[in-house]
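Novice: One structure, pasted below without further comment.
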Ligand code: PAF
């Protein structure tokens, strides 16, 4: 029988300054351990924890960052109400054996006078880039800062933020950052809803309504599996599923090339179906890889 001691999980080290993070990482590097980085904004769910487990499996030191990055939110967006749950995040990270948690203050990341930012690559231009001006500049800037601070060998991101992962991969390549980017599968609730920290904003009715997003992506996938090649038809079918669920505030529904994220007209190979829509006041995004059969 397990004793309470054997069940106890070791707490990750929680640090708040760049200096402490550098020192923690440096010690592991000297000991020859590979560094894995999982950047997050906290309010952790199973999607984040799957990234932490992937980092644990591949690396000798797993660093998780928890920082609600102000520069990636627009003035009308949810920066102020974004959930901040550091204590329970650290509990969850202890349970999946993360080693180091970096939870800096705003001043630590952006001290007075800090004014340099990263101009994101071309793949940032459409979709989220159009709907959320400045968003990817904020993401690319903070992620590059985290790469520089953590000196990670491998960084883990979720496929749920498909365009974000593409932007970060291109940014790392263009700026010669010696980090491998790994993109892990979207984790879904049993009923198909993609896990997101923003799901907690949804009322019970909105949560039911939100299921139409993953349903419409799966429907496009089924139509493609049945031989439909025309991207416009797939997009129309997705719009139809959203309309049936009374989801009317749609930012985009698109079928795009997996690398460039440019719209495709015909499925000539794999493609990504993308959706961004508001359910009530909550903006949700999701995507699905469609294989040409
Ligand atoms: O995906 C997120 O949670 C954020 O955009 C990231 C990558 C942690 C940067 O703030």
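Residue numbers (the working numbering): 21 to 313. Quick reminder that beta carbons are idealized off the backbone N, C-alpha and C, glycines included. Every value quoted in this text rests on a predicted model; they were computed, and no experiment measured them.
Return yes when at least one heavy atom of ligand 1 lies under 6 Å from the C-beta of residue 140, else no.
Specialist: Not under cutoff, so the answer is no.
Novice: Which value, in whole angstroms, describes the spacing of the CA atoms of residue 166 and residue 176?
Specialist: Roughly 12 Å between the two C-alpha positions.
Novice: Is residue 138 helix, strand or coil when you go by DSSP?
Specialist: Coil, per DSSP.
Novice: Measuring from the CB of residue 60, is there a heavy atom of ligand 1 at a distance below 6 Å?
Specialist: Yes.
Novice: Mind listing, in chain order, the continuous alpha helix (DSSP H) runs of no fewer than 4 residues lying wholly within the stretch 65-107?
Specialist: Complete alpha helix (DSSP H) runs here, min 4: 66-78.
Novice: What number of angstroms, rounded off, separates the C-alpha of residue 126 from the C-alpha of residue 247?
Specialist: Near 50 Å, if we compare the C-alpha coordinates of residue 247 and residue 126.
Novice: Among the candidates 266, 302 and 236, whose CA atom is the shortest distance from the CA of residue 275?
Specialist: Among 266, 302 and 236, the Cα nearest to that of residue 275 is on 236.
Novice: Let me check one thing: in DSSP terms, what residues is residue 269 bridge-paired to?
Specialist: DSSP output for residue 269 lists 298 as bridge partner(s).
Novice: Within the present structure, is the beta-carbon of residue 98 separated from the nearest heavy atom of ligand 1 by less than 6 Å?
Specialist: No, the beta carbon of residue 98 sits no closer than 6 Å to any heavy atom of ligand 1.
Novice: In terms of residues, what are the limits of the alpha helix (DSSP H) holding residue 161?
Specialist: From DSSP, the alpha helix (DSSP H) with residue 161 extends over 155-170.
Novice: If the criterion is Cβ atoms closer than 7 Å, does the pair residue 296 and residue 279 meet it?
Specialist: No, these two residues do not count as a Cβ contact at 7 Å.
Novice: Pull up the distance between the alpha-carbon of residue 255 and that of residue 213, whole angstroms please.
Specialist: For residue 255 and residue 213, the distance between alpha carbons rounds to 19 Å.
Novice: Residue range of the beta strand (DSSP E) that residue 203 falls in?
Specialist: Run containing residue 203: 200-204, per the beta strand (DSSP E) assignment.
Novice: CA-CA distance, residue 32 and residue 61?
Specialist: Cα-Cα distance, rounded: 17 Å.
Novice: Between residue 181 and ligand 3, is the CB less than 6 Å from at least one heavy atom?
Specialist: The model on display carries ligand 1 but not ligand 3.
Novice: With three or more beta-carbon pairs closer than 8 Å as the criterion, would you say the stretch 109-126 touches the stretch 72-82?
Specialist: At 8 Å Cβ cutoff, the stretches touch.
Novice: Please classify residue 216 as buried or exposed, where buried requires at least 16 other C-beta atoms within 10 Å of its C-beta.
Specialist: Buried, because 16 or more other Cβ atoms sit within 10 Å of the Cβ of residue 216.
Novice: With H, G and I counted as helix, E and B as strand and the rest as coil, what does DSSP make of residue 309?
Specialist: The answer is strand: DSSP assigns residue 309 an E or B state.
Novice: On the DSSP letters alone, give me the boundaries of the alpha helix (DSSP H) that residue 261 sits inside.
Specialist: Where residue 261 is concerned, the enclosing alpha helix (DSSP H) stretches over 251-264.
Novice: Helix, strand or coil: which one does DSSP assign to residue 178?
Specialist: Here residue 178 sits in strand by DSSP.
Novice: Taking the alpha-carbon positions, what's the residue 323 to residue 154 distance?
Specialist: Residue 323 is absent from the model: the chain starts at 21 and stops at 313.
Novice: At which residues does the alpha helix (DSSP H) containing residue 33 begin and terminate?
Specialist: From DSSP, residue 33 is part of no alpha helix (DSSP H) but of the beta strand (DSSP E) over 33-35.
Novice: What's the C-alpha gap between residue 299 and residue 51?
Specialist: Their backbone Cα atoms lie some 49 Å apart in a straight line.
Novice: Label residue 189 either buried or exposed according to how many other C-beta atoms from any shown protein chain fall within 10 Å of its C-beta, with 16 as the threshold for buried.
Specialist: Buried.
Novice: DSSP beta-bridge partners for residue 293?
Specialist: BP columns for residue 293 point to 275 and 308.
Novice: Rounded to a whole number of angstroms, what is the C-alpha to C-alpha distance between residue 228 and residue 263?
Specialist: The straight-line gap from Cα to Cα measures roughly 14 Å.
Novice: With the cut-off set at 7 Å, would you say residue 57 and residue 160 are in Cβ contact?
Specialist: Contact flag unset, no.
Novice: Go ahead and label residue 134 buried or exposed: buried means 16 or more other beta carbons lie within 10 angstroms of its beta carbon, across all protein chains shown.
Specialist: It counts as exposed.
Novice: For residue 152, which three-state DSSP category applies?
Specialist: Coil, per DSSP.
Novice: Once DSSP output is grouped into helix, strand and coil, what is the label at residue 30?
Specialist: Looking at residue 30 - three-state DSSP - the assignment turns out to be coil, as it is neither helix nor strand.
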